[in-house]
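In this note's numbering, the protein residues as written are 62 to 489. Here is the structure we will look at.
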């Protein structure tokens, strides 16, 4: 089924950006106004030419009739005067034979002219005046109207395009700022121009001010939550230290082992919370330096003592990173793979990238779609935990300018994490 033209037009208009719609609006309005004014001027000038031509034809007919009454004959070369002219329009001839004087105007034929006729006895006296010059004048007027109408439409289109471009630029700036805020840049704001003399702002300025207010409110809430998390974690360190010391003094037994294990887990969680708070506040600066990635990853894996299948290429790629923070990232990724994934766990160095893969159930769809969320570990089949490991890995990666990507292997499943580091040569 072929869509109707109106549907295609609506689809085309709906597909246009706001910028082009606004630019087209004044151009369309100017075109309609120019068309209306042009038609009015054309009709008025045509009516004026017709009235003048008819008056001239009647005056000429009166003169020719007087000469005919004096001389008794009509000179055909005199303004096309004739008796019972065969070229006389039938309607005009019928009116004259009925006893009335009338005119006939023809501006659209090959030979534009105006006729005037009246009865003379049982004959019809007529005159014919050419209107070629008048029709040429009307055509020149129409061309001038078209040209000036096009100029007016072009100026309106340029003005609309300038206005639409300014409005579109401001809206795109607002959209870009909103995206920066959604990506974590809570200090991003839209510059809003205030006019104190008028005391008013346009709709885009109101939208920008509302977005700035929302961003400021969101920033205050997030910063308050970050301070609360840091304060809670900091206040927990002192009693946890005493609790760990007391647990060490307990006599060896199975309950003692359980207490020490839970105290250690709680202490680890507290340290993780403190680290997340430091990453959120960007309180620490990374110590970036050039490192050969293969040797660095090999030494980190050896220190961790994890059973992994390590693949390092012969040709080294130097990256600019903080070795301590990279170790923290890889530690969390390997712990996550060992805890929630399945053997074997693979670590591959591919140029400036480190790929960590396990052979477990893979990441849940919500984690792949939304990224890591604090205190959420995803699906039940990936086990239980505090849910801070991936959050810390992503935070540390942002701090050193790295990028972390999560995926599931397309063939045989398993979680795949790719850490891409900036190359030292490019940074230099």
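Using N, Cα and C, we set each Cβ at its ideal position, and we do this for glycine too. Note that the structure is a prediction, hence the values are computed from the model and not measured.
Residues of its chain near residue i, where Cβ-Cβ distance is below 6 Å and the 5 sequence neighbours each way are ignored
i           : result
residue 195 : 110
residue 217 : 87, 88, 91
residue 395 : 367
Through-space distance from residue j to residue i, alpha-carbon basis
i           : j           : result
residue 188 : residue 123 : 10 Å
residue 320 : residue 407 : 34 Å
residue 398 : residue 388 : 15 Å
residue 288 : residue 281 : 10 Å
residue 327 : residue 479 : 29 Å
residue 312 : residue 459 : 45 Å
residue 145 : residue 102 : 38 Å
residue 228 : residue 238 : 15 Å
CA nearest to the CA of residue i, picked from the options
i           : options            : result
residue 168 : 193, 178, 157, 147 : 193
residue 374 : 357, 364, 390      : 357
residue 348 : 327, 354, 382      : 382
residue 244 : 279, 268, 228      : 279
residue 384 : 401, 351, 412, 400 : 351
residue 129 : 182, 355, 253      : 182
residue 248 : 274, 231, 230      : 274
residue 141 : 126, 132, 152, 131 : 126
Beta-carbon proximity list for residue i, same chain, < 7 Å, skipping 5 on both sides
i           : result
residue 409 : 372, 416
residue 462 : 483
residue 164 : 115, 118, 119, 175, 176, 177
residue 405 : 370, 420
residue 481 : 413, 414, 463, 464
residue 149 : 176, 178, 185, 187
residue 160 : 180
Where residue i falls, given that 16 or more other Cβ within 10 Å makes a residue buried
i           : result
residue 421 : buried
residue 121 : buried
residue 469 : buried
residue 457 : buried
residue 310 : exposed
residue 114 : buried
residue 471 : exposed
residue 303 : exposed
residue 185 : buried
residue 251 : buried
residue 134 : exposed
residue 170 : exposed
residue 386 : buried
residue 93  : exposed
8 Å Cβ shell around residue i - same chain, five flanking residues per side excluded
i           : result
residue 473 : 420
residue 355 : 373, 374, 377, 378, 410
residue 199 : 103, 106, 107, 110, 168
Check whether residue i and residue j have beta carbons under 9 Å apart
i           : j           : result
residue 393 : residue 325 : no
residue 157 : residue 178 : yes
residue 202 : residue 235 : no
residue 317 : residue 353 : no
residue 423 : residue 476 : yes
residue 180 : residue 191 : no
residue 369 : residue 380 : no
residue 221 : residue 98  : no
residue 276 : residue 253 : no
residue 490 : residue 265 : No information on residue 490 is available, as it lies outside the stretch 62 to 489 that the chain covers here.
residue 429 : residue 391 : no
Proximity test, residue i beta-carbon vs the ligand ATP heavy atom, cut-off 8 Å
i           : result
residue 212 : With respect to small molecules bound, the structure shown includes none, and the ligand ATP cannot be examined in it.
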